[in-house]
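Engineer: Pasting a structure here, questions to come.
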Amino acid sequence: MMFSRRTQWSKESNALNRLLEEKLASGAIVLNLTETNPTRCGFRFLKPGLLASLSRPENLKYEPDPHGLMEAQLAVCGYYRSKGIKLRPEQVFITAGSSESYSFIWRLLCDPGDGILAPSPSYPLLDYLAALNDVTLLKYPLSRKDAWRADPDSLGRLFGQKPKGIVLVNPNNPTGSFLCEEEIMAINRHCAEEGTAIISDEVFIDFKWRGSQIFERSLAGNTETLTFTLNGVSKMLGLPQMKLSWIVVSGPPLLVQDAIHRLEVIADTFLSAATPSQRALGAWMARRETIREEIVERLSLNLETLRRAALAGGAFKMLPAEGGWHAVIQVNSAGDDEKLALGLLRNHGVFAHPGYFYDIEEPGSLVLSLLGKADFFKEGVRFLSG
Ligand SMILES: Cc1ncc(COP(=O)(O)O)c(C=O)c1O
1 MMFSRRTQWS
11 KESNALNRLL
21 EEKLASGAIV
31 LNLTETNPTR
41 CGFRFLKPGL
51 LASLSRPENL
61 KYEPDPHGLM
71 EAQLAVCGYY
81 RSKGIKLRPE
91 QVFITAGSSE
101 SYSFIWRLLC
111 DPGDGILAPS
121 PSYPLLDYLA
131 ALNDVTLLKY
141 PLSRKDAWRA
151 DPDSLGRLFG
161 QKPKGIVLVN
171 PNNPTGSFLC
181 EEEIMAINRH
191 CAEEGTAIIS
201 DEVFIDFKWR
211 GSQIFERSLA
221 GNTETLTFTL
231 NGVSKMLGLP
241 QMKLSWIVVS
251 GPPLLVQDAI
261 HRLEVIADTF
271 LSAATPSQRA
281 LGAWMARRET
291 IREEIVERLS
301 LNLETLRRAA
311 LAGGAFKMLP
321 AEGGWHAVIQ
331 VNSAGDDEKL
341 ALGLLRNHGV
351 FAHPGYFYDI
361 EEPGSLVLSL
371 LGKADFFKEG
381 VRFLSG
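Residues in the sequence shown are numbered consecutively from 1, following the working numbering.
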């Protein structure tokens, strides 16, 4: 066999995607309720002015550094300072995307086959990243009562397998659940006992829904256990095309020092973040609040549409959530979620993701993006009400 086993992916596309392709090829109008690409959602903040900061004369110079450019590191430190977290620039590594951040950290922590705990449900990219990095994902279930929470018994059992790291997605995608203080305390305790590192994926942390009472806590200041905090401009500033993310290393000083030295070698091998994006980060960050406000406004409008439809028609309910770009709904007639999604697309031209794409086990669950234009979203949601 010429190719590696890890790339032996199925070539079969799933029934929903096949139907979508057929519909689009026939010229049918599809109401896409899965759109999470902010550059396709008609946001006002996407103006040419954003590009001005990409054409600075300093960009003609190449100054490779495994941490990224100091200017970008300082912009990241400024972001955390606004949350009351003080960082030294050397704690920051600039990368070309969260996927790359995950890869660097897993390469740092794991030998082939080592285990990393990851939440379930969550977004499917983690499975691919784990396979590509020869890491075994050990899924810890989030059980849904009033909110999606890590089940303490399962966590305890899985920590017994001495995982090298635990991924926290805060808030989780697509369940929209933030970690509560008790969960953070319990995880810190387990990690300290087992020598496990925390990987805190916080790409949606600034998108708490209006009215939510939860206190969102970035772990970039966590000192109890070795912690890698991930974020970037793709969600925070709605600029995925700019390919700029970062890792913050925190924890007990000696471990942090060792981790930084090793990460420097990994990052130096790739040096993938582009100079213009790095030098523009400060200027883009200055627009952060304006961008966040516009996105949160969109999320609120679409949530309101969804809540009204859930109450009025009674055909579905919304599962509990507090933030992020997705909503998970459960259709009351329940049944197989794939059949539901296929029926919506076939009969009404509405494209929604079945919950099983994200390992959601609730029957009749659909995952909807809240990022699309409000009138468009309303049009699609009409068909969910039966
Ligand atoms: C929770 C979460 N983390 C990370 C990513 C990837 O982010 P990036 O665009 O920075 O690679 C995604 C993508 O949807 C995500 O949902």
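By construction, the Cβ of each residue, glycine as well, lies at the ideal position given by its N, Cα and C atoms.
Report all residues from its chain with a CB closer than 6 Å to the CB of Arg6; omit the five preceding and five following residues, and keep chain order.
Structural biologist: For the purposes of this step, residue 6 is taken as the residue at position 6 of the sequence shown. Answer for Arg6: Ala131, listed in chain order.
Engineer: Below 8 Å between beta carbons: does that hold for Ile116 and Lys164?
Structural biologist: By one-based count along the sequence shown, residue 116 stands at place 116. By one-based count along the sequence shown, residue 164 stands at place 164. For Ile116 and Lys164, yes; Cβs fall inside 8 Å.
Engineer: CB of Phe270 to nearest heavy atom of ligand 1: below 7 Å?
Structural biologist: In the sequence shown, residue 270 corresponds to position 270, counting from 1. False, no ligand heavy atom lies under 7 Å from that Cβ.
Engineer: In the structure shown, what three-state DSSP assignment does Ala28 receive?
Structural biologist: As a working mapping, residue 28 is identified with position 28 in the sequence shown. Here Ala28 sits in coil by DSSP.
Engineer: Exposed or buried, what is Lys208 when buried is set at 16 or more other beta-carbons lying within 10 Å of its beta-carbon?
Structural biologist: Walking along the sequence shown from the start, residue 208 turns up at place 208. With 16 or more other Cβ atoms within 10 Å, it is buried.
Engineer: Taking DSSP as the reference, what is the three-state secondary structure of Asn17?
Structural biologist: Taking the first residue of the sequence shown as 1, we reach residue 17 at position 17. Helix.
Engineer: Please tell me whether, using a cut-off of 7 Å, the distance from the CB of Tyr123 to the nearest non-hydrogen atom of ligand 1 is below it.
Structural biologist: Along the sequence shown, one-based indexing puts residue 123 at 123. It does: the Cβ of Tyr123 is within 7 Å (strictly closer) of some heavy atom of ligand 1.
Engineer: Which of the three DSSP states, helix, strand or coil, is assigned to Ile166?
Structural biologist: One-based indexing of the sequence shown puts residue 166 at position 166. In this structure, Ile166 counts as strand in the three-state DSSP scheme.
Engineer: Within this structure, are the beta carbons of His67 and Pro174 separated by less than 8 Å?
Structural biologist: Walking along the sequence shown from the start, residue 67 turns up at place 67. Walking along the sequence shown from the start, residue 174 turns up at place 174. No. Outside cutoff.
Engineer: Going along the chain, which residues of its own chain have a beta-carbon closer than 8 Å to the beta-carbon of Ile29, five neighbours each way excluded?
Structural biologist: The residue you call residue 29 lines up with position 29 of the sequence shown. Counting only Cβ-Cβ distances below 8 Å, and skipping sequence neighbours, we find Gly349.
Engineer: Is the beta carbon of Val203 within less than 7 Å of some heavy atom of ligand 1?
Structural biologist: Here residue 203 corresponds to residue number 203 of the sequence shown, with the count starting at 1. Yes, ligand 1 has a heavy atom inside 7 Å of this Cβ.
Engineer: In whole angstroms, what is the alpha-carbon distance linking Ser277 and Ala72?
Structural biologist: Indexing the sequence shown from 1 puts residue 277 at position 277. Indexing the sequence shown from 1 puts residue 72 at position 72. Whole-angstrom Cα-Cα distance: 9 Å.
Engineer: Taking all protein chains shown into account, do 16 or more other C-beta atoms lie within 10 angstroms of the C-beta of Lys83, making it buried, or fewer, making it exposed?
Structural biologist: Start at 1 with the first residue of the sequence shown, and residue 83 comes out as number 83. That one is exposed.
Engineer: DSSP three-state label for Thr95, please.
Structural biologist: As a first step, residue 95 is located in the sequence shown; it is residue number 95 there, counting from the start. Of the three classes helix, strand and coil, the one that applies to Thr95 here is strand, per DSSP.
Engineer: Residue ranges of each alpha helix (DSSP H) run of no fewer than 4 residues wholly in the stretch 166–222, ordered along the chain?
Structural biologist: DSSP runs (the alpha helix (DSSP H)) wholly in the stretch 166–222: 181–194.
Engineer: Within 7 Å: the Cβ of Pro240 and any heavy atom of ligand 1?
Structural biologist: By 1-based counting over the sequence shown, the position of residue 240 is 240. Yes, the beta carbon of Pro240 sits closer than 7 Å to at least one heavy atom of ligand 1.
Engineer: Go through the stretch 226–275 residue by residue and report every complete run of the beta strand (DSSP E) that reaches 3 residues or more, in order.
Structural biologist: Segments of the beta strand (DSSP E) lying fully in the stretch 226–275: 227–232, 245–250.
Engineer: Please go through the same chain and pick out, in chain order, the residues whose beta-carbon is closer than 8 Å to the beta-carbon of Glu63, but skip the five residues on each side of it.
Structural biologist: Within the sequence shown, residue 63 is the residue found at index 63, counting from 1. For Glu63, where only same-chain residues beyond five positions count, the Cβ hits under 8 Å are Leu69, Thr275.
Engineer: Counting beta carbon pairs with one atom in the stretch 219–232 and one in the stretch 197–211, are three or more of them shorter than 8 Å?
Structural biologist: The stretch 197–211, when compared against the stretch 219–232, does touch it at the 8 Å Cβ threshold.
Engineer: How big is the Cα-Cα spacing for Met285 and Leu244?
Structural biologist: Along the sequence shown, read from residue 1 onward, the residue named residue 285 stands at position 285. Along the sequence shown, read from residue 1 onward, the residue named residue 244 stands at position 244. Approximately 12 Å between the Cα atoms of the pair.
Engineer: Mark Pro354 as exposed unless 16 or more other C-beta atoms lie within 10 angstroms of its C-beta, in which case mark it buried.
Structural biologist: Against the sequence shown, residue 354 aligns to sequence position 354. The residue is buried, with at least 16 neighbouring Cβ atoms inside 10 Å.
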